[in-house]
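Worksheet: the structure to be examined is printed underneath.
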Amino acid sequence: MSGYVDLSTLRNVVLVALVLGVGITALFSVAVRALVTADQQPHASIRLRLLAAGCLLIVLATVAMGLWAVLAK
Amino acid sequence: MVRILGGWKVVDIRANSRHALLISGEELLTGPESWILRPVHDAVLLFIVVVTALTFDFTNGFHDTANAMATSIATGALRPRTAVALSAVLNLLGAFLSIKVAATIASGIVSSTAITLPIVFAGLLGAITWNVITWSFGLPSSSSHALIGGVIGATLVSAGTSAVHGHSIVAKVLVPAVLSPVIAGLVAALATRLAYRTAQPDERPRSHRYFRFGQLASASLVSLAHGTNDAQKTMGVITLALIADHRLTAHADPPPWVIVACGIAIAAGTYFGGWRVVRTMGHRLTHIEPPQGFAAQTAAAAVLLTATQGGLPLSTTHITSGAVLGSGVGKREARIRWGVAGSMLVAWLLTLPAAGLVAAGIGSIVDGGGSLQVILVAVVAGALLFGVWLWSHRNPVTADNVNDFGDPADRALEDLEHPVLEQAG
Numbered sequence: 773m774s775g776y777v778d779l780s781t782l783r784n785v786v787l788v789a790l791v792l793g794v795g796i797t798a799l800f801s802v803a804v805r806a807l808v809t810a811d812q813q814p815h816a817s818i819r820l821r822l823l824a825a826g827c828l829l830i831v832l833a834t835v836a837m838g839l840w841a842v843l844a845k
Numbered sequence: 002m003v004r005i006l007g008g009w010k011v012v013d014i015r016a017n018s019r020h021a022l023l024i025s026g027e028e029l030l031t032g033p034e035s036w037i038l039r040p041v042h043d044a045v046l047l048f049i050v051v052v053t054a055l056t057f058d059f060t061n062g063f064h065d066t067a068n069a070m071a072t073s074i075a076t077g078a079l080r081p082r083t084a085v086a087l088s089a090v091l092n093l094l095g096a097f098l099s100i101k102v103a104a105t106i107a108s109g110i111v112s113s114t115a116i117t118l119p120i121v122f123a124g125l126l127g128a129i130t131w132n133v134i135t136w137s138f139g140l141p142s143s144s145s146h147a148l149i150g151g152v153i154g155a156t157l158v159s160a161g162t163s164a165v166h167g168h169s170i171v172a173k174v175l176v177p178a179v180l181s182p183v184i185a186g187l188v189a190a191l192a193t194r195l196a197y198r199t200a201q202p203d204e205r206p207r208s209h210r211y212f213r214f215g216q217l218a219s220a221s222l223v224s225l226a227h228g229t230n231d232a233q234k235t236m237g238v239i240t241l242a243l244i245a246d247h248r249l250t251a252h253a254d255p256p257p258w259v260i261v262a263c264g265i266a267i268a269a270g271t272y273f274g275g276w277r278v279v280r281t282m283g284h285r286l287t288h289i290e291p292p293q294g295f296a297a298q299t300a301a302a303a304v305l306l307t308a309t310q311g312g313l314p315l316s317t318t319h320i321t322s323g324a325v326l327g328s329g330v331g332k333r334e335a336r337i338r339w340g341v342a343g344s345m346l347v348a349w350l351l352t353l354p355a356a357g358l359v360a361a362g363i364g365s366i367v368d369g370g371g372s373l374q375v376i377l378v379a380v381v382a383g384a385l386l387f388g389v390w391l392w393s394h395r396n397p398v399t400a401d402n403v404n405d406f407g408d409p410a411d412r413a414l415e416d417l418e419h420p421v422l423e424q425a426g
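See the structure below:
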């Protein structure tokens, strides 16, 4: 198959897609869990909402960088 | 003496010339000075090819709406009409973001010297036919593969096997077709497993609401990526037709009117909504919950954007289908309808040869012919495809009934009745 596809490119695509896809879902899931818990525990609400906001900001920054990298190519 | 050769009018001012004339694309390689070349324009034929290309772009839009929006519609994150409207706007926007891949659809697949307007027309008609047939059965299949299959089939009958680049077909079409669903499925399965492990099982309804918000963003990303990829393929075909008719020079960028027309055509097709394919992707393959939908769309967007950046030509349809299947595998106790997955696989395997066969048949009729032959074929094909559309309306699937599928006990109906945008409002 190496004659038909650049295996190093393929490996990079798989690795980056895994890190991005799984990473973004993981961060978003943590944010969701923090928000759900914050709804239940008002005393820890601010800390949990900050955690959720932090996770969502990282997700947004990652998506923006990914889009920029593709469109600027 | 005047002869028409390869889209050029060859004028020999010496009547008894015996010199050979070789033409490669737009370049006169050898020939006596007494021979001059003048391009032949066929405005009617070009107009038909452009209209056919925009029709293909429209079918591409409604056939591939499911790629981005099926899981959001299935989980109730968006109402069907809102989903396709959002997707249409993002596809339109995506069409304007980049023109880097516009001329790549036929490059490397077939010899550029073999491309003529009737061949482009035959290839497009083969692709449209396959898109409409697979849509009527609700099967998601790659519009790009249909187009490539059509161009290959038409070129084979016109110029023979030497004009088709076998190595490029394997590298650009067949290998990616195998890799796309596998990579996307793997990423989606892992992401889904992680999403369910992180979420609290006893708080699922509440967490599902947040995941639906997430789906708005991930579905939008897939729609945007789809617009940047698929609208450009039709731009490439129209540009190729303009080059074949000598209205543009080789390697020219698409003119602004081509970019605008293609963006509008794919957006209109997306808004029309391929509800049959949406139902298959959203309900028939597996029952999808919001965390699965979010994971599938995020995985699809990640693979699509990474592959585009890495220069790996993967199919959007194969990626999103693989991701939906992966999200079913990633969730414990999820039921996957492997029979439906098998039908999809058969459609994928048949796409290239079937579109190629139709295009070869049409190519054998129109190759070397004039505008009249092409018009007649276009009218007959249009009537047949309208017949398929009418036949499919015996069992209509619309925005109103796209979610009415399967065992009601399997579905969280209360979720579907309260879409995110409504809750937020």
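These protein sequence lines are chains L and P, in that order.
Going by our numbering, the first residue of the first sequence is number 773, and it counts up by one from there.
Going by our numbering, the first residue of the second sequence is number 2, and it counts up by one from there.
Idealized CB from N, CA, C, for every residue including glycine.
Query	Result
I want to see whether chain P comes within less than 8 angstroms of N784/L, judged by CB atoms only; does it?	yes
Nearest CA to the CA of T56/P: which residue from A379/P, D401/P, L373/P, A218/P?	A379/P
At which residue ranges does the segment 36-95 of chain P contain complete beta strand (DSSP E) runs of 3 or more residues, listed in the order of the chain?	36-40
Which chain L residues are close to F212/P, counting only those with a beta carbon under 9 angstroms from its beta carbon?	F800, S801, V804
According to DSSP, is V785/L part of a helix, a strand, or is it coil?	helix
Which same chain residues end up closer than 6 angstroms to G329/P when comparing Cβ atoms and leaving out the 5 residues on each side of it in sequence?	T287, A335, I337
Looking at chain P, is there any beta carbon in it that lies within less than 8 angstroms of the beta carbon of A789/L?	yes
Would L47/P and D246/P qualify as a contact pair, given that the criterion is a beta-carbon distance under 8 angstroms?	yes
Quick check on the DSSP output: the alpha helix (DSSP H) that includes G362/P runs from which residue to which?	339-367
Taking any Cβ of chain L, which residues in the segment 212-229 of chain P have a Cβ under 7 angstroms from it, in chain order?	F212, G215, L222
Starting from the Cα of A342/P, find the closest Cα among L353/P, L326/P, P354/P, L350/P and give me that residue.	L326/P
To be precise: take each residue of the segment 243-277 of chain P, compare its Cβ to all Cβ atoms of chain L, and keep it if any distance is under 7 angstroms. Which residues remain?	none
Could you tell me which of V50/P, A382/P, L346/P, G369/P sits nearest to V359/P, measuring between CA atoms?	A382/P
In chain L, which residues lie less than 9 angstroms from Q293/P when you measure between Cβ atoms?	Chain L residues near Q293/P: none, gap ~10 angstroms exceeds 9 angstroms.
Quick one: is N404/P buried, meaning 16 or more other Cβ sit within 10 Å of its Cβ, or exposed?	buried
For the 8 angstroms Cβ check, are there 3 or more pairs between the segment 240-258 of chain P and the segment 57-65 of chain P?	no
Please work out which residues of its chain come closer than 6 angstroms, Cβ to Cβ, to S159/P, disregarding the five sequence neighbours upstream and downstream, and give them in chain order.	I120, G364, D368
Which chain P residues are close to A833/L, counting only those with a beta carbon under 7 angstroms from its beta carbon?	Those do not exist, as A833/L stays about 13 angstroms from chain P at its closest Cβ, beyond 7 angstroms.
From the beta carbon of A825/L, is the nearest beta carbon of chain P less than 8 angstroms away?	no
Whole angstroms is fine: what's the gap from V176/P's alpha carbon to V777/L's?	8 angstroms
Counting only the same chain and skipping the five closest in sequence on each side, list residues whose C-beta sits under 7 angstroms from that of R194/P.	G331
Rounded to whole angstroms, what is the Cα-Cα separation between L180/P and T307/P?	14 angstroms
Show which residues of chain L have a CB atom less than 9 angstroms away from the CB atom of L204/P.	Sequence inspection shows Glu at residue 204/P; the Leu mentioned does not correspond to that position. What E204/P touches in chain L: R805, V808, T809, D811, Q812.
Nearest chain P C-beta to I830/L closer than 8 angstroms, yes or no?	no
Buried or exposed: V63/P, going by 16 or more other Cβ atoms within 10 Å of its Cβ?	The identity of residue 63/P in the sequence shown is Phe, whereas the question assumes Val. So F63/P counts as buried.
Can you have a look at L241/P and say buried or exposed, based on whether 16 or more other CB atoms are within 10 angstroms of its CB?	buried
Can you tell me whether M236/P is buried or exposed? The criterion is at least 16 other CB atoms within 10 Å of its CB, across all chains shown.	buried
Compare the C-beta of L792/L with all C-beta atoms of chain P and state if any pair is closer than 8 angstroms.	yes
So, with DSSP's three-state summary, where would you put V111/P?	strand
CB-CB under 6 angstroms to A268/P, same chain, minus the five flanking residues each way: which ones, in chain order?	A89, N92, L93
I796/L CB to nearest chain P CB: under 8 angstroms?	yes
Is the shortest distance between the beta-carbon of L820/L and the beta-carbons of chain P less than 8 angstroms?	no
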